[in-house]
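Structure record follows, encoded as structure tokens.
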Amino acid sequence: MNLLEKPYEYEYFDMSIKAALKDCIKKRRFKIAISRVCAGYIFNIEKNRARCEQRVWKYISRSLKNINKKYDVAIGYLEKNPIFFCVDKVNAKKKIGFIHNDYDKLGMDPIIDLKYFDKLNNIVTVSEECANVLKNRFPMYEQKIEVMYNIVSPNVISNMSLEKIHLCNTGIKLVSVGRLNHQKGFEIAIVACKFLIQSGYDLKWYVIGEGEERAKLEQIIIENDLHDIFILLGIKENPYPYIREADIYVQPSLFEGKSIAIDEAKILHKPIVVTNFSTAKDQIRNEENGLIVDLNPQSLYEGVKKLIDDNELRKKLIVNLSRESLGTESEIQKLYKLIKAV
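For the sequence shown, the residue numbers in the numbering used here are -8 to 333.
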């Protein structure tokens, strides 16, 4: 298996336009300079980040070389650019693309994806609900759509969770994991946290992850006087000790495919509160192995408050989680099966 490196030329579309043009002119890469200017225009006018990534691909693509080596199988393991690169730039007998979210919630332009999905042999997604969304959106490709659950190993997660860390020893510890972007719903969580503090609860809410909305979230945290209570920890190479130390795990997402973080919290037998995004019921049975609450700050506050106050409910959730079989290592066989069908 070869994990392809990010093409050097892609860096021009990650850096500022000023730096990109300066380097392109210095190295006499004028065609890339023109593509970077065109991409810059899209970056400025397209406010939807998903559609922006789709629309700029044609300019990025012009700047990237084809992979001449021939492969049996090429896998684009994420929607948008990885799939586009796999289709346009890789020479392979078979091509597989992964969609890791509810497609309709991503805000992408299906017309752009249509021509790429046409060239994929298989479209793999992470839950039955996500598969249904794809089948409704792209009925002509229903036979290509496969479900492969995210792979998690209880033994690995449990062992890694034993690493020593230092969190506050007093009060309730809440933990959430996710990229700091709109999808993960941390603005809702901050308001819910404020409600909890106003109700007199002694707590710390830790968030593991990084992303483009850090500055915005930090400002909201300051505005709500939660700077030492709602704590953005950034990326942690090993998040499992933090989940293990949590009294309650909270997933306030607006949408998900199948959340790996929820599965990890389940493996570590944590009481869980999730918002009612479209695929939540694929992982959580309300009041059996977690709580599902409406997607707003008040409901999230009430759900967390309920678990803090109701010791018997917390114990029930923990016992039920301890009885679940949560390993999905066998899912890799599905991928092997698709690869062998070349």
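Think of the CB as a built atom: it goes at the ideal place given N, C-alpha and C, for glycine as much as any other residue. Remember, predicted model here, so these are calculated numbers, not experimental data.
Taking 8 Å as the threshold, find out whether the stretch 311 to 331 comes into contact with the stretch 144 to 163 through three or more Cβ pairs.
Taking 8 Å as the limit for Cβ pairs, the verdict is that the stretch 144 to 163 does touch the stretch 311 to 331.
Starting from the C-beta of Ala180, find all residues in its chain whose C-beta is less than 6 Å away, skip the five residues before and the five after it, and write them out in chain order.
Beyond the five residues adjoining it in sequence on each side, Ala180 comes within less than 6 Å, by CB distance, of Pro243 in the same chain, given in chain order.
DSSP puts Phe268 in a beta bridge; with which residues?
According to the DSSP secondary-structure assignment, Phe268 is paired through a beta bridge with no residue.
Would Pro288 be called buried (16 or more neighbouring beta carbons within 10 Å of its own) or exposed?
It counts as buried.
Along the chain, where does the alpha helix (DSSP H) containing Glu178 start, and where does it finish?
Per DSSP, Glu178 belongs to the alpha helix (DSSP H) from 177 to 189.
By the 10 Å Cβ neighbour count, where 16 or more other Cβ atoms means buried, how is Ile212 classified, buried or exposed?
With 16 or more Cβ atoms within 10 Å of its Cβ, Ile212 is classed as buried.
Measuring CB to CB, does Leu223 end up less than 8 Å from Arg235?
Contact: no.
Which residue comes first and which comes last in the beta strand (DSSP E) that contains Asn59?
Element bounds for Asn59: 58 to 67.
Which residues bound the beta strand (DSSP E) around Tyr240?
Where Tyr240 is concerned, the enclosing beta strand (DSSP E) stretches over 239 to 242.
Give me, in chain order, the residues of the same chain whose beta-carbon lies closer than 7 Å to that of Gly176; leave out the 5 immediate sequence neighbours on both sides.
The beta carbon of Gly176 sits closer than 7 Å to those of Pro243, Ser244, Leu245, Thr266, all from its chain and outside the five residues before and after it, given in chain order.
In terms of residue numbering, what span does the alpha helix (DSSP H) encompassing Lys71 cover?
From DSSP, Lys71 is part of no alpha helix (DSSP H); its letter is neither H nor E.
Given Tyr50, which residues of its chain have a CB within under 7 Å of its CB, disregarding the five upstream and five downstream residues?
Ser26, Cys29, Ala30, listed in sequence order.
Is the separation between the beta-carbon of Val166 and that of Tyr197 shorter than 8 Å?
Their beta carbons are under 8 Å apart, which means Val166 touches Tyr197 by this criterion.
Find the nearest neighbour of Pro262 within the set Val295, Ser269, Thr270, judged by alpha-carbon distance.
It is Val295.
Taking Ile136 as part of the alpha helix (DSSP H), name the residues at either end of that continuous run.
Not the alpha helix (DSSP H): Ile136 falls in the beta strand (DSSP E), residues 136 to 138.
Got a sec, what are the start and stop residues for the alpha helix (DSSP H) Phe21 sits in?
Residues 21 to 36.
For Gln324, which residues from the same chain have a beta carbon less than 6 Å from its beta carbon, with the 5 sequence-adjacent residues on both sides left out?
Excluding residues within five positions, none has a Cβ falling inside 6 Å.
Comparing C-alpha positions only, which one of Ala237, Asn277, Glu279, Lys249 sits nearest to Ile299?
Of the listed residues, the one whose Cα sits closest to Ile299 is Ala237.
Just the Cα atoms here: how many angstroms apart are Gly169 and Asp63?
Distance between the alpha carbons of Gly169 and Asp63 is about 34 Å.
Contact defined as beta carbons within less than 8 Å: I believe Phe76 pairs with Gly67. What is the distance between those atoms, to the nearest angstrom?
Their Cβ separation, rounded to whole angstroms, is 7 Å, which keeps Phe76 and Gly67 in contact under 8 Å.
Alpha carbons only, please: which of Leu105, Ser250, Ile58, Val47 is nearest the one belonging to Asn141?
Here the closest residue by C-alpha is Ser250.
Which same chain residues end up closer than 8 Å to His173 when comparing Cβ atoms and leaving out the 5 residues on each side of it in sequence?
The beta carbon of His173 sits closer than 8 Å to those of Glu204, Leu245, all from its chain and outside the five residues before and after it, given in chain order.
Runs of beta strand (DSSP E) wholly within the stretch 191 to 238 (minimum 3 residues, chain order)
DSSP runs (the beta strand (DSSP E)) wholly in the stretch 191 to 238: 194 to 199, 221 to 225.
Assign Glu2 to buried or exposed, taking buried as 16 or more other Cβ atoms, counted over all protein chains shown, within 10 Å of its Cβ.
Glu2 counts as exposed, since fewer than 16 other beta carbons sit within 10 angstroms of its beta carbon.
When the Cα atoms are used, what is the spatial distance from Asn59 to His218?
Taking the straight line joining both Cα atoms gives about 52 Å.
May I have the straight-line CA-CA distance separating Asn311 from Lys195, to the nearest angstrom?
Taking C-alpha positions only, Asn311 is separated from Lys195 by approximately 26 Å.
contact_flag[the stretch 37 to 47, the stretch 97 to 106] where n(CB pairs < 8 Å) is 3 or more
Yes, the stretch 37 to 47 is in contact with the stretch 97 to 106.
Determine the contact status of Asp301 and Gln274, defining contact as a CB-CB distance below 8 Å.
Taking 8 Å as the cut-off, the beta carbon of Asp301 is found no closer than this to the beta carbon of Gln274.
Does Gly281 pass the burial test, meaning 16 or more other C-beta atoms within 10 Å, or should it be called exposed?
Gly281 counts as buried, since at least 16 other C-beta atoms from the protein chains shown sit within 10 angstroms of its C-beta.
Rounded to a whole number of angstroms, what is the C-alpha to C-alpha distance between Ile103 and Ala256?
Using only the alpha carbons, I get a separation of about 36 Å.
Per-residue burial, Met6 [other beta carbons within 10 Å of its own, 16 or more giving buried]:
By the 10 Å Cβ count, Met6 comes out exposed.
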